[in-house]
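Enquirer: In this note's numbering, the protein residues as written are 146 to 306.
I have a structure I would like to understand better, so I am pasting it below and will then ask my questions one at a time.
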Amino acid sequence: MGFFRRTEKEQPVKELKAMVSGRVLPLTEVADPVFSSKSLGDGIAIRPCEEVVTAPADGEISVVAETKHAVGMVLKNGAELLLHIGLDTVSLEGKGFQMLVKQGKKVKQGDPLLRFDKAWIEAQGHATDCILVVTNTEEFPDLQMISGMEAVQKETVICTF
């Protein structure tokens, strides 16, 4: 009957872990009005000290940007995430980025999603803030973003549902 066994589907997503190590900032401090105004949803930004972005929770890759600077995920609880690397990095047309997943791939928390060349992107005049936005924020009234600390990739909780 399975009284003591929980299947993976029964375990709801309760938190998101840092997708990269670095300083966690509230979304309102991002130097881009589209993100800082929260017009895409609530989130956080991390000033990275690493160059690989990992999955903040278990989910499925829903979108892979042609320019390799962003990836979308849908979590088991229905949360839709946008992970965006840098500011105005779409103009780099994929240079400095390497996508490590494809659309439709199921990923586990901590799986690598994309790699970026931090020094090169910054040398082109772009910030490398790694932004996470829950694009369907309105469906999660208890959503809380956590910022103002140094995050350790795959360990530090940056969001709770």
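Beta carbons: idealized from backbone N, C-alpha and C, even for Gly.
#1: Rounded to a whole number of angstroms, what is the C-alpha to C-alpha distance between H214 and G239?
#2: If you drop the 5 nearest sequence neighbours on each side, which residues of the same chain put their C-beta closer than 6 angstroms to that of K253?
#3: How would you label K162, buried or exposed, when you count the other beta carbons within 10 angstroms and need 16 or more for buried?
#4: Check the C-beta distance from I206 over to V246 and give it rounded, since I have them as a contact under 8 angstroms.
#5: Name the DSSP beta bridge partners of T199, please?
#6: Buried or exposed: which applies to G293, given that a residue is buried once 16 or more other Cβ atoms fall within 10 Å of its Cβ?
#7: I'd like the list of long-range same chain contacts for V197, defined as Cβ closer than 6 angstroms, with 5 residues on each side in sequence excluded.
#8: Taking 8 angstroms as the threshold, find out whether the region 277-284 comes into contact with the region 177-189 through three or more Cβ pairs.
#9: Using DSSP's beta-bridge definition, name the partner residues of C194.
#10: Sort C304, K299, A272, A210 by Cα distance to P286 and report the nearest one.
Expert: In short, the structure shows the following:
#1: 7 angstroms
#2: D203
#3: buried
#4: 5 angstroms
#5: P257
#6: exposed
#7: P257, R260
#8: yes
#9: Bridge partners of C194: none, in fact.
#10: C304
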